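Read the structure below first, then the notes.
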Amino acid sequence: MTEKYKKQETRDELLSEIGDYDGLKEKIIRMYRNNRLAAFSAALIILMILLAVFAPYIAPYKEAHQDLLMRLQPPSRAHLFGTDELGRDVFSRILYGARVSLVIGIFPSMISLLIGIFFGLIAGYFGGWIDYVIMRVADVMLSFPSLLLAMALMYTLGRYANSVLCIFGALSLVGWASVSRVVRSVTLSLKETEYVDAARSIGVGRPKIMLRHILPNCIPSLIVLYTLNVPSCILSESTLSFLGIGVQPPAASWGLMVNQSKQYLFTMPWLALAPCLTIMIVVLAFNFLGDGLRDALDPYLKKG
Amino acid sequence: MMMTKKIMALLLCGSLTAGILAGCGGSGSEGQTAEAKPETEAAAEEAPAADEGAEEAAAEETAAEEPAAEESAAEAAPADGEDKILRLGWSKDIQTMDVHRTTDNYAVPLNIFDRLLEVKLNEDGSTELVNSIAKDYSISDDGLVYSFELRDDVKFCDGTPLTSADVEATFTRMFTLEDSVQTDFTTCIKGAQAILDGNADSLEGFRVIDDTHFEIELEEPFAGFLSVLATPTCCIFSKANLEEAGDDFGMVPAKTIGSGPYMVTDWKTNDSLTLVRNPYYWGEPASASEVHYKVYPEPSTFNMAFQNGEVDILDCDFLDSSIVTSTYETDAYKDKLIRVNRLGTYMISINAGIEPMSDVRVRKAIQMAVNRQGILDSIFGGHGELVDGIYPAGSIGFTAENQGWLQYDPEGAKALLKEAGYENGFDLEISANASGSSNIASIIQVVQQNLTDIGINAHIETYDESSWLAKRKSGEMPLFAGVWTLDYNDPSNIIDTFFGSAESTKGRSLNYADTDVMARVTSAKSIVDETERLKEYADLEKKIVEEDASWVPLFALQHTFVISDRIEHFTPHWAGYGDFNAYGVTMK
Amino acid sequence: MKAAVKRLVSMIPVLIGVMLLTFIMLRVVPGDPVSIMLGEHYSQAKIDRLTRAMNLDKPMWEQFVSYMLGAFRGDLGVSYMMNKPVTGLIAEAFPQTFRLALMAAAIAWAVGLIAGITAAVKQNKLPDHLFMGFSLAGVSVPIFMSALFLQYFFSYRLKILPLTSDGSAASLILPAIALGWNSAGSVARMTRSSLIETLQADYIDTARAKGLLRPAVIFGHALKNALLPVVTMMALQISSLMSGAVITESVFSVPGIGRLATQAIQNRDMPLLQGTILFTTILVILGNLAADLLYSVIDPRIGDE
């Protein structure tokens with residue numbers, strides 16, 4: 515009891531020397547108080563995720579349900595956002611499309627986060643030629659315009675798997691480099707600190723040092739990076755689908771819906787508007803949330 | 152150091168301001184030019200190209216001063232001094248103007264080259280073969296030797312005359328060119344196969360008699376041969392030009408010489424292509440003095456460009472039928488809609504080599520399950536005609552007797568499936584091509600629904616184009632939608648392609664099993680008696696589609712174009728291609 | 009100077025890496041461009057003949073070596089689809105993309121700086137929210153959406169600006185706005201946060217204490233330093249402008265690099281795709297280098313970091 519208390523005390527002392535300290539939770543709560551927009555965005559995102567998860571229960575129609583007699587109907591009570599060129603309910607398709615679009619936004623970002631953490635830690639911790647090689651590879655990745663890189667990967671992967679998986683893979687491979695840069699720089703600055711030295715001297719293994727002592731310090735930055743990476747993935751997916759090299763029909767994704775409905779822009783604007791606005795709102799929400807988190811969690815990332 | 156810093160800062164600000172000013176200035180002046188849009192814009196855009204064309208024409212005139220060319224050259228210059236520019240659009244740029252190297256970029260070759268014969272599209276929709284640069288021809292009694300006489304007034308756009316030697320060079324090149332893709336219909340010429348096999352380097356069946364006379368001998372009789380000669384495949388090139396241009400032929404405007412009504416003067420990749428009248432053209436000069444093609448990758452942009460008056464002929468293939476219906480099937484455009492039968496059959500291919508579709512009852516069930524009229528009405532606005540066989544409506548070989556037997560009958564289909572022992576359905580992949588047209592994609596989605604309705608668990612799998620083609624070629628594609636548009640108006644064109652040999656049906660993923668029928672398909676070509684030949688083709692059609700249910704025949708469509716106010720008259724390509732000869736356009 | 013040389017040297021492995029990666033990425037797959045070229049009319053014999061004619065039967069390493077050697081000479085192979093040398097196609101397309109990107113960058117910088125500065129000065133007041141909302145929207149709206157709508161309203165409805173690119177500067181305004189708005193968002197956000205931070209610095213307090221007026225403080229002292237990190241963004245912008253150009257070029261029919269890339273993918277035209285990616289990537293690398301050099305000239309403090 516006393517010992518634990520003591521330990522806590524020294525930690526707090528140490529932290530108070532460094533500066534104000536709030537836990538992650540406190541910071542997020544503070545953001546919620548100060549930045550209502552970010553909080554609202556977070557709520558919106560959660561709502562969207564719920565809608566996507568429960569789409570089969572909420573959507574009035576199945577995503578592929580066609581009614582050729584009801585093609586291109588304007589919005590009505592039966593069809594909230596109207597129907598598309600095959601008489602499918604646009605509202606239902608947006609709900610189902612949220613599954614594809616959100617999954618493509620959320621998971622590839624996570625994968626690239628993991629890849630980035632792995633390489634960033636290794637590069638920063640070991641230094642030397644390992645660092646050099648990894649960082650040059652990261653430079654190479656960052657030099658590619660991301661959309662073109664994703665396009666090139668779609669070209670390669672396109673023949674192996676279905677389109678959603680391809681985009682998945684492509685976007686996972688696009689984003690890791692910037693993550694590894696951040697992780698590396700934090701690792702570099704921490705690996706010479708006393709507490710890491712101390713851990714090393716009492717025989718703590720390298721993996722443990724990296725994961726237990728260094729990685730936690732990256733978390734605030736990573737949360738922000740992640741939140742801002744999600745919308746860019748969603749946008750990439752919609753752009754690829756817009757160009758016809760992304761998700762393929764009959765799967766529904768927001769980008770694909772815009773792609774298919776863009777020609778009705780004159781005559782039946784709601785068809786293109788519904789998915790366009792959905793993309794915009796969700797991406798905005800993620801961006802607001804990301805900005806809010808950045809202000810709250812990570813003063814260093816403000817510059818980037 | 153301080154200095155540098157300041158200078159840099161100044162430079163930065165300076166460049167920014169400049170950028171802003173440039174932006175504003177641009178927008179201001181733009182507003183003004185745009186007011187007076189149609190003419191000014193076109194004129195400004197065309198000015199350089201027109202100059203170039205004029206220059207070239209002038210140069211040619213001096214070169215060929217004494218011959219009778221002055222006459223046609225004089226005619227080529229618009230009498231009223233006003234240029235009539237025809238502005239067209241396409242969704243992607245062409246790859247080449249050399250027809251031996253492409254199977255789908257026919258627009259420019261149709262305009263800048265001549266064929267020995269042409270197909271004329273009559274007002275009533277029927278077609279006939281007419282002479283073009285061939286003045287006369289005769290066929291030997293055994294149907295093997297074709298003798299031609301050329302017009303003696305045909306000149307290439309560089310002023311040189313077109314002779315039998317040019318025709319010979321063209322036909323020989325078709326087989327000797329390493330990457331020629333145009334050998335399918337012409338290998339029937341005697342000696343062609345020998346060249347392809349590498350055993351000869353000249354075409355045995357082609358005999359030059361004099362400058363205007365030559366003969367072509369075939370391996371065996373082929374009734375469709377004259378029709379083949381009228382296809383873009385058989386555009387006639389200039390021998391001297393082919394030799395001089397080498398690989399630049401078809402790629403560099405100045406090095407692509409033809410005898411057609413137009414010559415190409417300018418080609419900007421992915422952007423635009425310009426044709427001007429060929430001053431030496433042997434026929435009446437074309438109505439439009441220049442033809443300008445522009446690439447519109449986005450269909451919606453293309454549509455807006457037409458409505459803004461920047462395009463003269465809108466190819467409605469690029470648009471969804473509902474847009475055509477709501478925008479153009481209105482009083483305002485009533486007289487502007489041009490419809491032509493497209494000599495092509497849409498079909499759903501069923502792979503008989505894959506279980507359980509090897510059972511004819513299952514194939515018949517699939518035939519009955521597809522709501523063809525529904526697809527035609529909803530996706531294509533009803534502008535077409537159901538086809539129950541192989542040959543598209545309006546083509547040679549199409550017979551009324553073979554129509555009307557196939558009805559949409561999901562209940563009957565279910566019963567058939569039950570009879571075949573697939574009461575609970577089965578898994579079935581429908582293969583889609585990612586680069587296919589959006590209409591095909593829509594057809595597939597409806598077919599998926601139709602098949603699901605009779606209990607087949609159908610799902611759509613999308614492949615990128617080359618994987619799709621590779622899979623189809625391997626003979627393992629279970630079910631897919633396709634269309635075949637006739638290259639030449641003869642039943643052999645379509646039936647040979649799909650049912651001509653075991654290799655063909657496998658390559659089309661049909662895996663049609665009856666080898667006797669395929670042998671009949673091959674030999675039908677050489678039946679000299681026309682009535683007998685067509686009877687045989689009709690019987691084969693009945694056997695393959697009605698009895699053996701090899702595919703789900705869908706429909707033949709109409710091709711819709713909308714013309715602008717500047718156009719008096721427009722005759723599309725006889726087979727309903729999107730590519731057409733601008734010679735068939737009369738400007739106001 | 010030392011930094012510049014160091015930077016130049018570090019570029020070399022990156023360049024080689026880019027080449028290698030592009031090559032591997034695209035060649036690992038045994039593509040069959042031949043069947044695409046032939047379209048509906050093919051036979052095995054014909055496919056074999058074409059494959060030979062295009063060197064596709066050679067072993068991978070041989071293709072690679074010849075590609076590398078060619079690339080250094082500026083020969084990037086021949087596009088399957090267009091039948092033209094890739095280098096020539098890029099040279100033809102690049103000026104279009106360059107002009108578009110330049111105009112977009114000008115718009116992005118003008119709008120972004122004004123919005124960013126205003127937002128920073130009026131932090132947490134209405135103009136801040138207004139301008140930042142506007143720029144965040146720019147980042148969030150898909151480029152194809154803004155492009156389609158700009159085209160619809162200004163060219164089709166109002167008929168003020170040309171619908172598609174005809175080579176004139178005027179016809180590039182709409183695509184440049186669509187493209188620039190997106191980048192303007194990033195510039196504005198960056199300017200704002202950087203300026204806010206600078207305004208909290210001690211020397212600004214000193215300047216204030218001297219009795220300088222607020223605008224003088226902001227424009228005379230703070231902005232100069234606040235813009236330093238914004239300059240590095242220029243390099244990042246090249247990358248995102250290139251990505252964005254793919255869309256705007258397609259919507260506005262601009263015959264630029266982005267169009268080449270899209271076409272290359274749709275037609276599985278490997279040499280063309282390889283060439284365009286290599287080219288734009290080198291452009292980004294050079295842009296990064298230029299920004300770095302510029303940065304070290306403006307701010308000598310970060311000489312030998």
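Residue numbers (the numbering used here), protein chains in the order written: chain A, 515 to 818; chain B, 152 to 739; chain C, 9 to 313. Glycine included, C-beta positions come from ideal geometry on N, C-alpha and C. Just so we're clear, the structure is a prediction, and the values are computed from it rather than from any experiment.
Using a Cβ-Cβ cut-off of 8 Å, Thr753(A) counts as an interface residue toward chain C, since at least one Cβ of chain C sits closer than that to its own. Leu749(A) and Ile263(B) have their C-alpha atoms spaced approximately 45 Å apart. Bounds of any beta strand (DSSP E) do not take in Glu100(C); it lies within the alpha helix (DSSP H) bounded by 94–129. In the three-state reduction of the DSSP assignment, Glu370(B) falls in the coil class, being assigned neither a helical nor a strand state. For Ser87(C), there is no enclosing beta strand (DSSP E), as DSSP gives it neither H nor E. Tyr614(B) sits in a strand when the DSSP states are folded into three classes. In the displayed model, Pro312(B) falls within a strand according to three-state DSSP.
Using a C-beta cut-off of 8 Å, the segment 232–242 of chain B makes no contact with the segment 390–403 of chain B, since fewer than three inter-stretch Cβ pairs fall below that distance.
Beta-bridge partners of Leu579(B) (DSSP): Ala609(B). In the assembly as shown, Tyr542(B) is a buried residue. Its beta-carbon has 16 or more other beta-carbons within 10 Å.
Of the residues Arg659(B), Ala675(B), Thr737(B), the one whose Cα lies closest to the Cα of Gly504(B) is Arg659(B).
In the displayed model, Lys133(C) falls within coil according to three-state DSSP, outside both helix and strand. In the DSSP assignment, Thr636(B) forms a beta bridge with Gly495(B). In the three-state reduction of the DSSP assignment, Gln587(A) falls in the coil class. Ile560(A) and Leu729(A) have their C-alpha atoms spaced approximately 27 Å apart.
From the listed residues Ser251(C), Val22(C), Ser201(C), Asp300(C), the smallest Cα separation to Ala230(C) is found for Ser201(C). Using a Cβ distance threshold of 8 Å, Gly540(B) and Val696(B) count as a contacting pair. For Ile737(A), the enclosing alpha helix (DSSP H) begins and ends at 729–756. In this structure the segment 521–535 of chain B does not touch the segment 567–577 of chain B; the number of beta carbon pairs closer than 8 Å is below three.
Buried is the label assigned to His724(B), since at least 16 other Cβ atoms lie within 10 Å of its Cβ.
Taking 8 Å as the CB threshold, Asn590(B) stays off the interface with chain C. Secondary structure of Asp275(B) (DSSP, three-state): coil.
Judged by beta-carbon spacing, Val718(A) lies beyond the 8 Å limit of Ser148(C), meaning their Cβ atoms are not closer than that value. For Arg276(C), the chain A residues whose C-beta falls within less than 8 Å of its own C-beta are Tyr669, listed in chain order.
Of the other Cβ atoms in all chains shown, 16 or more fall within 10 Å of the Cβ of Tyr639(A); this residue is therefore buried. Residues of the same chain with a CB within less than 8 Å of the CB of Arg671(B), apart from the 5 flanking positions on each side, are Glu687, Leu691 in chain order. Ser755(A) is the residue among Val710(A), Leu803(A), Asp645(A), Ser755(A) whose C-alpha sits nearest the C-alpha of Pro789(A). Of all residues in the segment 450–466 of chain B, those with a C-beta nearer than 8 Å to a C-beta of chain C are Ser451, Thr452, Met455, Ala456, Gln458, Asn459, Glu461, reading in chain order. A straight-line Cα-Cα distance of about 13 Å links Ala118(C) and Arg197(C). Counting only runs of 4+ residues, the alpha helix (DSSP H) found wholly inside the segment 352–397 of chain B occupies 376–380, 390–396, in chain order.
Burial of Ser660(A) is indicated by the presence of at least 16 other C-beta atoms within 10 angstroms of its C-beta.
In the DSSP annotation of this structure, the continuous segment of the alpha helix (DSSP H) that includes Trp690(A) starts and ends at 677–705. The beta carbon of Met325(B) does not come within 8 Å of any beta carbon belonging to chain C, so the residue lies off that interface. For Thr741(A), no CB of chain B lies under 8 Å from its own CB, so it is not counted at the interface with that chain. If you draw a 10 Å sphere on the C-beta of Ile759(A), you find 16 or more other C-beta atoms in it, and that means buried. Here Glu536(B) is near Ala544(B), since their CB atoms are less than 8 Å apart.
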